[in-house]
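Chemist: There's a structure below that I have some questions on.
There are 4 protein chains.
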Amino acid sequence: MISLGIPDDEFIRGKVPMTKQEIRILTIVKAGIGPDSVVCDVGAGTGSISIEAARQAENGMVYAIERKPEGIELIKKNAEKFGVKNIRIIEAYAPDGMEELPELDVAIIGGSGSNLPVILDTIHQKLVPGGKIVINCITVQTIAQCLEYMRNREDYRYEAIQVQVNQLEQVGAYDMAKANNPIYIVTCVKEGK
Amino acid sequence: MISLGIPDDEFIRGKVPMTKQEIRILTIVKAGIGPDSVVCDVGAGTGSISIEAARQAENGMVYAIERKPEGIELIKKNAEKFGVKNIRIIEAYAPDGMEELPELDVAIIGGSGSNLPVILDTIHQKLVPGGKIVINCITVQTIAQCLEYMRNREDYRYEAIQVQVNQLEQVGAYDMAKANNPIYIVTCVKEGK
Amino acid sequence: MISLGIPDDEFIRGKVPMTKQEIRILTIVKAGIGPDSVVCDVGAGTGSISIEAARQAENGMVYAIERKPEGIELIKKNAEKFGVKNIRIIEAYAPDGMEELPELDVAIIGGSGSNLPVILDTIHQKLVPGGKIVINCITVQTIAQCLEYMRNREDYRYEAIQVQVNQLEQVGAYDMAKANNPIYIVTCVKEGK
Amino acid sequence: MISLGIPDDEFIRGKVPMTKQEIRILTIVKAGIGPDSVVCDVGAGTGSISIEAARQAENGMVYAIERKPEGIELIKKNAEKFGVKNIRIIEAYAPDGMEELPELDVAIIGGSGSNLPVILDTIHQKLVPGGKIVINCITVQTIAQCLEYMRNREDYRYEAIQVQVNQLEQVGAYDMAKANNPIYIVTCVKEGK
Chain A
73 MISLGIPDDE FIRGKVPMTK QEIRILTIVK AGIGPDSVVC DVGAGTGSIS IEAARQAENG
133 MVYAIERKPE GIELIKKNAE KFGVKNIRII EAYAPDGMEE LPELDVAIIG GSGSNLPVIL
193 DTIHQKLVPG GKIVINCITV QTIAQCLEYM RNREDYRYEA IQVQVNQLEQ VGAYDMAKAN
253 NPIYIVTCVK EGK
Chain B
73 MISLGIPDDE FIRGKVPMTK QEIRILTIVK AGIGPDSVVC DVGAGTGSIS IEAARQAENG
133 MVYAIERKPE GIELIKKNAE KFGVKNIRII EAYAPDGMEE LPELDVAIIG GSGSNLPVIL
193 DTIHQKLVPG GKIVINCITV QTIAQCLEYM RNREDYRYEA IQVQVNQLEQ VGAYDMAKAN
253 NPIYIVTCVK EGK
Chain C
73 MISLGIPDDE FIRGKVPMTK QEIRILTIVK AGIGPDSVVC DVGAGTGSIS IEAARQAENG
133 MVYAIERKPE GIELIKKNAE KFGVKNIRII EAYAPDGMEE LPELDVAIIG GSGSNLPVIL
193 DTIHQKLVPG GKIVINCITV QTIAQCLEYM RNREDYRYEA IQVQVNQLEQ VGAYDMAKAN
253 NPIYIVTCVK EGK
Chain D
73 MISLGIPDDE FIRGKVPMTK QEIRILTIVK AGIGPDSVVC DVGAGTGSIS IEAARQAENG
133 MVYAIERKPE GIELIKKNAE KFGVKNIRII EAYAPDGMEE LPELDVAIIG GSGSNLPVIL
193 DTIHQKLVPG GKIVINCITV QTIAQCLEYM RNREDYRYEA IQVQVNQLEQ VGAYDMAKAN
253 NPIYIVTCVK EGK
């Protein structure tokens, strides 16, 4: 069953920025999460990605890494709301806290602060051959850094897209386009499988 | 398991235009197809949507309606390539051929020629309460017609987005944005459940 | 001299929505305003388009039609701020107030309420052969109505684009994409010259 | 008079890629070219930017730098077609050939190969206080390099946008969106005036 595609307004979010539904869907599908996948979600924010991932990896586990206490609270509340039990929350500023992770099938990076390369190095140590990393980037510097990293590795292939979604808002007799910010999604596959 | 997200180049397609992977993913997820769903794919083209739908509806059935013989051949070949058995192909120019459809959980409209309102009327007759219709529109006239239709019905709610995806093409040391055409995706829910 | 391209933040605007600089530039250039042009700006809002138009039509005249008193005040203040004298303000809900217009070289429609077809009929009566109409549309219904109107007229050619601009906002060490709403720009030329 | 906004199909172009009309308009306007401006167009390609610039700088001069013989021929042909006399063509791979440039009011960079920083250094030597540099970037690496350069200079302010234009193509009774590739436009102002 596609348990994927929870609407944005069903998540408890406070004022923490949240990945929009369409980006969440594309991120989860491109990550290729299976029922037994072990997943790490770096910069988990409200936990919206972690929860969607955990519902796909029903027999697996999702490790949600988030540094802000406000985020940690939201992840807990959302996990409870959606009845998701296979999430472990790690309160840390990645790559801190990542040494304790087990072998990973999938890593998703929604927020990396300024530590993207070292986070990617750490994930690489944990990632199984054939494993996937999906990175969401909202700044020019992050997408550039991400591409530079992947271009310098012989053992990864990547695909990158930029996605822009406009919502049609129903205003009286009209449907008016309201823009969401564009986002880059980079999907990387570790070779060897 | 997410069997969703087949890459574009894995489909056999000839010169028939094909919905791009990201749009396919969003369409299938927004349609909320479950393992037992009965789905109709109007204007099936190469069958890429039908095949993704059939893999989700593993115990259900997908009815692919397509008028062009070239499309029919591609749907057959792709179904065979991906080992999908729960697709029935109807060679007709919708709404022709739709009277024989059973009760539907989901209808996806990728191509409607100029018959969108009558196709929607026909789907409405077949669609269960709570069922979903997802419509992909690439022209201004089609999205306008689709919104007008849904605004005139009390028994449907809809959400509409426009999605634009740019591929980053790897050219030497550079990643260069290559645009795909934007597309509107309208998701309609029939009330009553 | 290009006096075109006033930055958004130089206009006095209150809370009235304002066409963004890039859209203003494209609108004015596509309208082909010359130094002697007589221009009508329908739904003038803050007057940002009227002022840019008036600076191009330095020996011509711009008629700014706006129904809201708040808009009227802003147009006056902005005309004063930029020292533009060749603007006549008409406080009316178009097409009201348009009968008094002289022969027009250019008409720009930024806001049409629900009266687009009758506004276009009225402009047609005033527009010289070879004259141009440029229409900015932010809703699906307006662009559809605009295209339908132009398709039904033998005496106009049109070109239509959708433009989306993302601003890169400087946030610390990062440049983060912030989306503006997309807009359709339709440029119509009256034949006969 | 706005001589700006030459339609794409009026340029002679062969198979050389050409900046699209809307991007050309925004680039020229953001560059703030006046009637006496001295302008340098780096990576002039077909000369479409150079010609629009030269028509604005009617008493000034445009230096078009292009390395490919095919481009040189097109610039000459287009200059002749549009009757533009104030263009000097420099056949060189920038920054080669730039040492002979006079003091510049404006520099436009449409193509920089891999030499962007050194080209910017060279322009900086020639650019008057208050002068502008407008850079069009189609790759992630180029926009990142451009922003990094400008962030490291105290003596420049910059504004950056990403623009995406979709053409509505008239196909029978329909208007179908056809995407152009998105482009970043960075406008930099040298302080001191």
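Protein chains in written order, with my numbering: chain A, 73 to 265; chain B, 73 to 265; chain C, 73 to 265; chain D, 73 to 265.
We treat Cβ as the ideally placed atom computed from N, Cα and C, and that holds for glycine.
(1) Once the 5 residues before and after residue 73/D are set aside, which same chain residues still bring their CB inside 7 angstroms of it?
(2) Along the stretch 203-223 of chain C, what residues have a CB closer than 7 angstroms to any CB found in chain B?
(3) Given 8 angstroms as the limit, is there contact between the stretch 117-124 of chain D and the stretch 248-262 of chain C, that is, 3 or more CB pairs closer than that?
(4) Alpha carbon to alpha carbon, what distance is there between residue 259/A and residue 331/A?
(5) Would you say residue 175/A and residue 261/A are within 8 angstroms of each other, going by their C-beta atoms?
(6) Considering Cα atoms alone, identify which of 218/C, 227/C, 187/C, 190/C is closest to residue 203/C.
(7) According to DSSP, is residue 252/D helix, strand or coil?
(8) Would you give the residue range spanned by the alpha helix (DSSP H) that residue 143/B belongs to?
(9) By how many angstroms is the C-alpha of residue 128/B removed from the C-alpha of residue 148/B?
(10) Who are the neighbours of residue 247/D on chain B, taking C-beta pairs under 8 angstroms?
(11) Give a yes or no on whether the minimum CB-CB distance between residue 73/C and chain A is below 8 angstroms.
(12) Looking at residue 108/C: is its Cβ nearer than 8 angstroms to the Cβ of residue 77/C?
(13) Taking the runs of the beta strand (DSSP E) that are 3 residues or longer, which of them lie wholly in the stretch 184-245 of chain B?
(14) Counting pairs of beta carbons, one from the stretch 200-216 of chain D and one from the stretch 139-158 of chain D, are three or more of them closer than 8 angstroms?
(15) For a cutoff of 8 angstroms on Cβ pairs, would you count residue 173/A as touching chain C?
(16) Residues of chain C with a CB under 7 angstroms from the CB of residue 232/D: which are they?
(17) Which residue marks the beginning of the alpha helix (DSSP H) containing residue 101/D, and which one marks its end?
(18) Can you pull the chain C neighbours of residue 132/D, defined as C-beta to C-beta under 7 angstroms?
(19) Using beta-carbon positions only, say whether residue 138/C and residue 115/C come within less than 8 angstroms of one another.
(20) Can you tell me the Cα-Cα spacing of residue 112/B and residue 164/B, whole angstroms?
(21) The ligand HEM and residue 255/C: does the residue's C-beta get closer than 7 angstroms to at least one heavy atom of that ligand?
(22) Distance, Cα to Cα, residue 167/D vs residue 180/D?
(23) Look at the alpha carbon of residue 239/B and the alpha carbon of residue 212/D, and state the distance between them as a whole number of angstroms.
(24) By how many angstroms is the C-alpha of residue 96/C removed from the C-alpha of residue 189/D?
(25) Which residue wins for smallest C-alpha separation from residue 173/B, given the options 134/B, 140/B, 126/B?
(26) Just checking my contact of residue 233/C with residue 237/D at CB under 8 angstroms: how many whole Å lie between their CB atoms?
(27) I want to see whether chain F comes within less than 8 angstroms of residue 263/C, judged by CB atoms only; does it?
(28) Where does residue 180/D sit, in a helix, a strand or coil, going by DSSP?
(29) Tell me, which residues are paired with residue 133/A by DSSP?
(30) On the DSSP letters alone, give me the boundaries of the beta strand (DSSP E) that residue 160/D sits inside.
(31) How big is the Cα-Cα spacing for residue 229/C and residue 217/C?
(32) Under the rule that 16 or more other beta-carbon atoms within 10 Å means buried, what is residue 124/C, buried or exposed?
(33) Taking the C-alpha atoms as reference points, what is the distance between residue 184/B and residue 215/B?
(34) In three-state DSSP terms, what is residue 168/D?
(35) Specify the secondary structure class of residue 120/C as computed by DSSP and reduced to three states.
(36) Suppose contacts are defined by Cβ-Cβ distances below 8 angstroms. Is residue 178/B in contact with residue 84/B by that definition?
Modeler: Judging by the given coordinates:
(1) In this prediction, residue 73/D has a pLDDT of 46, which is less than 50 and means its spatial position is unreliable; what the coordinates show is noted afterwards. The answer is none, since no qualifying residue turns up.
(2) 212, 213, 215, 216, 219
(3) no
(4) There is simply no residue 331/A to check, as chain A begins at 73 and stops at 265 in what is shown.
(5) no
(6) 227/C
(7) coil
(8) 141-153
(9) 18 angstroms
(10) 211, 212, 213
(11) A caution first: residue 73/C carries a pLDDT of 46, below 50, which makes its placement in the model too unreliable to give a value.
(12) no
(13) 199-209, 228-243
(14) no
(15) no
(16) 240, 247
(17) 93-103
(18) Neighbours of residue 132/D on chain C: none; closest Cβ ~11 angstroms, over 7 angstroms.
(19) yes
(20) 13 angstroms
(21) You won't find the ligand HEM in this model; it holds no ligand whatsoever.
(22) 13 angstroms
(23) 12 angstroms
(24) 32 angstroms
(25) 134/B
(26) 5 angstroms
(27) Reference to chain F is not applicable here, since the protein chains of this structure are A, B, C and D.
(28) strand
(29) 110/A
(30) 159-163
(31) 15 angstroms
(32) buried
(33) 11 angstroms
(34) coil
(35) helix
(36) no
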